[in-house]
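Q: Residue numbers (my numbering), protein chains in the order written: chain Z, 18 to 184; chain B, 179 to 769; chain U, -2 to 128; chain D, 136 to 631.
Cβ coordinates follow ideal geometry from the N, Cα and C atoms, glycine included.
Bear in mind the structure is a predicted one, so any value in this text is a computation, not a measurement.
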Amino acid sequence: MEEKSMSDIKVKVKEKDLIKIQEICKSFDNKPGELINVLHKTQEHFGYLPAEIQEVVAQELDVAVAKVYGVVTFYSFFTMLPKGKFPISICTGTACYVRGADNVLQEFKRQLNIEVGETTDDGKYSLNCLRCVGACGLAPVVLVGDKTYGRVSPEGVKEILEEYQEK
Amino acid sequence: MNKIKLTIDNKQIEVEKGTTIYKAAKELGIYIPVLCYMNLEGLNIENKPGGCRICVVEVEGRNNLAPSCSTDVWEGMVVNTHSMRVINARRTVMEFILSDHPKDCLTCAKSGNCDLQDMAVKLGVREIPGQEYAEMSTYKIDFSPSIIRDLDKCIMCRRCEMMCNDFQTVGALSAFNRGFEAAVGPAFEMELEDSTCTYCGQCVAVCPTGALTEKDHTRDVINALSDPTKKVVVQTAPAVRAALGEEFGMEPGTLVTGKMVSALRRLGFDYVFDTDFAADLTIMEEGTELLDRLTKYLGGDKEVKLPILTSCCPAWVSFFEHYFPEMKDIPSTARSPQQMFGAIAKTYFADKISTKREDLVVVSIMPCLAKKYEAQRDEFKVDGNPDVDFSISTRELAHLIKEANLDLNILPDEDFDKPLGESSGAGVIFGTTGGVIEAAVRTAYELHTGKKLEKLDFEQLRGFEAIRKATVDFDGTPINIGIAHGLGHARKLLDEIKAGKSEFHAIEIMACPGGCIGGGGQPLHHSDTSILKARAEAIYREDAGKPIRKSHENPYILKLYEEFLGKPMSEKSHHLLHTAYFDKSRKIEIS
Amino acid sequence: MTKIKTLADLERIKNEMRSDKDLNGSQDNSENAVRIKVGMGTSGIASGARDVMDFLTEALEKRNIEAVVSQTGDMGYSYAEPTIEVRKPGQKPVVFGYVDVKKADLIIEKYIKLGEEVEGIIPVNYQTIDD
Amino acid sequence: MTNLGGSKMSQHKQIRIALNNCGVIDPENIKEYIARDGYLALGKCLTEMKPEDIIREIKDSGLRGRGGGGFPAGLKWEIAAKNQADQKYVVCNADEGDPGAFMDRSILEGDPHAVLEAMAICGYSMGATKGLIYIRAEYPLAIERLKIAIEQAREFGLLGKNLFGTDFEFDIEIRYGAGAFVCGEETALIHSMEGLRGEPTIKPPYPAESGYFGKPTNVNNVETYANVPIILRKGANWFNKIGTEKSKGTKVFALAGKIKNVGLVEVPMGTTLREVIYEIGGGIENDKKFKAVQTGGPSGGCLTEKHLDTPIDFDNLVQAGSMMGSGGMIVMDEDNCMVSVAKFYLEFTVEESCGKCSPCRIGNKRLYELLDRITQGKGEMEDLKRLRNMSNVIKDTSLCGLGQTSPNPVLSTLDNFYDEYVAHVVDKKCIAGQCKDLMTYFVIEENCVGCTACARVCPVGAITGEKKEVHYINPEICIKCGACEERCKFDAIIVK
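1. Would you list, in chain order, the members of the segment 145 to 161 of chain Z that have their beta-carbon closer than 8 angstroms to a beta-carbon of chain U?
2. Could you have a look at U:N21 and say whether DSSP puts it in helix, strand or coil?
3. Would you say D:A427 and D:G235 are within 7 angstroms of each other, going by their C-beta atoms?
4. Can you tell me whether B:A548 is helix, strand or coil according to DSSP?
5. List the residues of chain D that B:C230 touches, going by C-beta distances under 9 angstroms, in chain order.
6. Look at the alpha carbon of B:R669 and the alpha carbon of B:K765, and state the distance between them as a whole number of angstroms.
7. So which residues on chain B does Z:V85 lean against when the C-beta distance must stay under 9 angstroms?
8. Would you say Z:E135 reaches chain B, if we count a Cβ-Cβ gap shorter than 7 angstroms as a contact?
9. Note down, in chain order, every chain U residue with its Cβ under 8 angstroms from the Cβ of Z:G167.
10. With DSSP as the reference, label D:M184 as helix, strand or coil.
11. Can you pull the DSSP bridge partners for B:Q190?
12. Please report whether the beta-carbon of U:L20 lies at a distance below 7 angstroms from any beta-carbon of chain Z.
13. Counting only C-beta atoms, is Z:T96 closer than 7 angstroms to chain D at any point?
14. Roughly how far, in whole angstroms, is the beta-carbon of B:D450 from the beta-carbon of B:V539, given that I think they are within contact range, below 8 angstroms?
15. Could one say the Cβ of U:Y134 lies closer than 7 angstroms to chain Z's Cβ atoms, at least one of them?
16. So Z:Y142 contacts chain D; which residues on that side make the cut at Cβ distance below 8 angstroms?
17. Quick one: is D:K265 buried, meaning 16 or more other Cβ sit within 10 Å of its Cβ, or exposed?
18. Please go through the same chain and pick out, in chain order, the residues whose beta-carbon is closer than 8 angstroms to the beta-carbon of D:A272, but skip the five residues on each side of it.
19. Mapping the DSSP letters down to three states, classify Z:C108 as helix, strand or coil.
20. Quick one: what does DSSP say Z:Y142 is sitting in, helix, strand or coil?
21. Can D:C613 and D:Y556 be called in contact, C-beta distance under 7 angstroms?
22. Does any residue of chain U bring its CB to less than 7 angstroms from the CB of D:R271?
23. Locate the alpha helix (DSSP H) running through Z:H57, then write down its first and last residues.
24. Assess contact between the segment 322 to 342 of chain B and the segment 363 to 370 of chain B, defined as three or more Cβ pairs (one per stretch) separated by less than 8 angstroms. Is contact present?
25. On the DSSP bridge list, what partners appear for Z:Q166?
26. Please look up how many angstroms separate the CB atoms of B:C546 and B:I687, rounded, as I've assumed it's under 8 angstroms.
27. Below 8 angstroms CB to CB, which residues in the same chain sit around D:N228 once its five sequence neighbours on both sides are set aside?
28. In three-state DSSP terms, what is D:H147?
29. When the Cα atoms are used, what is the spatial distance from B:A758 to B:T488?
30. Taking B:K596 as the reference, which of B:D454, B:R640, B:E273 has the closest Cα?
31. Would you tell me roughly how many angstroms separate the C-alpha atoms of Z:P104 and Z:L155, rounded to the nearest one?
32. Would you report the Cα separation of Z:K29 and B:D761, rounded to the nearest angstrom?
33. Indicate whether at least one CB of chain D lies closer than 7 angstroms to the CB of Z:A68.
34. Under three-state DSSP, which class holds D:R508?
35. Determine the chain Z residues that contact B:S769 at a beta-carbon separation under 7 angstroms, and present them in chain order.
36. Can you pull the chain U neighbours of D:S196, defined as C-beta to C-beta under 9 angstroms?
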């Protein structure tokens, strides 16, 4: 019987990425119980957690890749899509809601023409909601990257975006 | 002193500490409806996520309702299983579940055999308020060679996830997403075909809805049978005859061999043959291989690897291809009986009836879903023509028989056709855990020692224990035999081998609980494991009643060697009856 | 740092710190220093507390005012952030709200230098466990 | 209400116990914590007290868990102490997920050592040598300060081996949450720390029997721990004089919403909502009318004017149809539509439900859909009955605290603002003017000059009218985008 390749499953990753992931997993002793910590570190490095990266993590920690995917899709902090150059997060905590965060969100959606969780075609902006950044005194709050904008009104949305137009 | 007294529906009962309300009620003859809960008694398989909330009951002194499947009783507990509060809650929860469930019952593969449907009937659901504006979760349907996944019908009972992970340790399935979007499936919602799924079908066997069903090939079979240019041959696996009757209302454990043959003949199959014949052939090949390796090993040949592992179970084959590729030279190279049958049918038998290979259609009736996948593996095809064209499950056969308006109960007993329909008792017991190795021992012992066995029943190889060990005395040479059913248990034995700690010379592995009788293609057991035991007993009964009980005494097998194959492990056997395995592990490659 | 092994060790550190009345850990024991704490919780920082702290540190040094500026956690007045607490030598601490760089400048020039009142003082509205 | 022991009655409504050092010390300097008697309680416990004495003291203090449920902390410790095992764990729940609450974050940012000290004390009393802090990854500053604090405590020998010269050892690690509200539930939290999906499991077994990797585990939240060192320093009898009969001590609230003085507030149990909102919070922003106060986050309910004089404690809030929760307190004014508020919370629950049990996974979705229809003016009176029945069943049958409390915002608004629901359903009106679909845009004929600006800007061509004549908005076509109102320079378009 001739040796031929059946439908064997191959996952392709760049060598330096593979080494990085192995390094991260090793720093947690390749313990399956450290999966979430590993995913945090991995996302911190790569910006997101695409399928092939999850495959490597699964193999390194000896966890079924379906389980890794199960964990990644459970927690809203983890994302399988790359974020925009300027990730925009709108706080939709109660304090912000009560002070009109939804209108601000709608305005961002309108201006950027994307839905929550999406990234603009040029890869510049992505839009997300998050729950309470704890700056309730400044409600409604918007974050662009690490920068916080307080008391944002729908009218102020354009102004915020203009700041990043040239960048 | 660990007894607890409690009251359920005004009836007093005393039970062991640690008993759940559900089990205590059952002892009183009160059957609390359950949906996600599943207990396969005797197999150590229990699924109790407490997720569906159908089994809730009212417990005095407790604020909310208690899930009876997963709430332990306490001293003096007072339970009401049918208060109006409970009934309203159950029905409302059922309405919730159904509001996110497709209503295509008429064409659903599970219709008439669906736990969810039965529950809807039982709970008297007549409408789903707000259905017209209720959003439903949707996913794409996955058609794999063996299993169809329609997650729109998933109710998150987690039974499949438990079987795939805890029992089989395959890990192809996991809950993914959160909340309303949550369901159970492979990583990245990939198709099963791209996952490490072995197609064991145990997910299908336990699914309470139509979310997981077999890929149905009955239409293909009907087409073949209606084609006048084709000769259609059918083979039936041993476990089928011990379970098919259940689909026709017979007691579990009823043997329907003769009626099944008669039904198949009436369906129009040109030749009704028996996979058991091929099981005898497997023993000849595998037994010879075992003896060969054993002799060399005992003679001090360091190249020879032991233990030898059986290779009849296609899910098990996939399992070691996925997870233990470095050990792929340990299992016997013998093809499974299904494939041996196909290879012989399309050569030896085709010649006998002067039919061209492409005009002969081989259909197999299997208790198994992995057989569907196995039948379409490339190495079992000649110029694209598969040795086995269609593999259908016991359930599919039952559908065909019913569709043809035949009642198995009143059909006469008929005999298989010759020559591929003749089998020994050894071939029959292939259908249950321990059976393959027992059949092999019967033959290997006699061939090795040249002596006749006094007693053919090897009781120590039988039973339902997860991992069994036995030593058989081969005339002074003790042969250590291991048996495992369930891939998780198989994994333990493989890990031992990997670590160089295995004491066994031969190991039999079957993926399903109880072996093939508990296969993914069998009539659904609905969590009643006594059914599996009854099937196993039927198999042994059939064996005991056979005039020939050893494979090497099957005259048609001997004739096959004489006329066609030469001897076991011959050049021709090697070509037709043996195979090679592949490394299917998930590989990370540098791009 | 030798490890604390006894209650006495703990007491010793406590006394060291107490003698350095402002509790800011600096070795600057001067009685004449102005002590300033900047509320640097997340929302304080989000409101610009870091800029205020940087400004204060720099400006006080430039203007030759002996002062110790340190960070602390959320003072509780989210609505008025950034908030700072200023304690002039020998006086009770005063908390200012809505402090931006401009206001901080005003606080230095008016309150710290001249002792004049500056708008935005938040009265203490709680008792402590030692009250 | 009993005030602080002793004769002195303070004019202040707040007492800072959990927030004792918050905004006072530099959280990145352990010495400042020590200067405020930090680690004194740990030292005393280790050198002068037996584990059972500590547990008795905590029990006597009456301290109840501040995370939501209000389970007596001392009892929890005792159960964990009684379960023998080779390893036990002390866990701090810092997964503050209640949207609009930031008490725990503020404590960790302002006084991290108080939590570390308390965990070590808890470890000593129950026989655990390992502590784990489960904190939201969204709290980078708190994480940073915790890391510094742990490092400094180790350096000073206050974490590690042979604490205070005894045989006792204790160390703490940080675990990160990843954005799942349900992980505030202790069994879900433990699964998350084990690297699994944060799905809750049925209790019993409780974590005190079988928790982290099957070992006895005590889980308390940040604020609960923050009370512990002070209780042990000042004594159970000092602490239990503060508060009400069944709820001792203080509670920290994150006061937010339409209130003047948004911020952190710590008041003795038994303080009324009115005192918190009006005396501490300074009343409603822009002098609007108070409408409701929401406590307990998505698990709580909306309380009204009639509850303002209710003394706040665990049991009173539950009786009023809400709950203490972790301490979010959101004030709403007349511009907030209560049906929309209920919908807002349900949207949150739908998003945060883990999906394990059917009533929470599907039931909450159905509740949300029904509320959504009501806010769109598509509701019927029958739907209000269905809302109530579904809510009751979800509460009655859900697996964990999330589902068992998620209908509270619906039930409490149904109870307290039934008229508002009826207005949406029968009159198709939103009194607060928040529900877009129930609003209509009108042209005020007197003001319209017929400039046609509105007709030109309308994206759907709903506005007709000749030049220099009064225009008309066709409500059938209008999508209520508000563009016309924005464009009109003559205040001729209003929305009602």
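A: In short, the structure shows the following:
1. V150, G151, A152, C153, G154, L155, V158
2. Residue confidence is low: U:N21 scores 46 on pLDDT, short of 50, so the model does not pin down where it sits. Its coordinate-derived value is still stated next. In this structure, U:N21 counts as coil in the three-state DSSP scheme.
3. no
4. helix
5. C492, S493
6. 20 angstroms
7. S352, A365
8. no
9. A43, S44
10. coil
11. B:T185
12. At U:L20, the pLDDT of 46 sits below 50, so the modelled position is not reliable; the number obtained from the coordinates is stated separately. So, not an interface residue.
13. no
14. Sequence inspection shows Val at residue 450 of chain B; the Asp mentioned does not correspond to that position. Between B:V539 and B:V450 the Cβ distance is about 13 angstroms, and since that is not below 8 angstroms, they are no contact.
15. As shown, chain U starts at -2 and ends at 128. That puts residue 134 of chain U outside it, with no answer to give.
16. Under the 8 angstroms cutoff, chain D gives no residues; its nearest Cβ is about 20 angstroms from Z:Y142.
17. buried
18. I278, Y311, G312, A313, G314
19. strand
20. strand
21. no
22. no
23. 52 to 63
24. yes
25. At residue 166 of chain Z the sequence reads Tyr, which differs from the Gln that was named. According to DSSP, which records beta bridges pairwise, Z:Y166 is partnered with Z:V159.
26. Their Cβ separation, rounded to whole angstroms, is 14 angstroms, which puts B:C546 and B:I687 out of contact at 8 angstroms.
27. G202, Y269, G319, E321, L324, V354, N355, N356, V357
28. coil
29. 13 angstroms
30. B:D454
31. 20 angstroms
32. 17 angstroms
33. no
34. helix
35. K29, V30, K31
36. By Cβ distance, chain U contributes nothing, its closest Cβ being about 13 angstroms from D:S196, past 9 angstroms.
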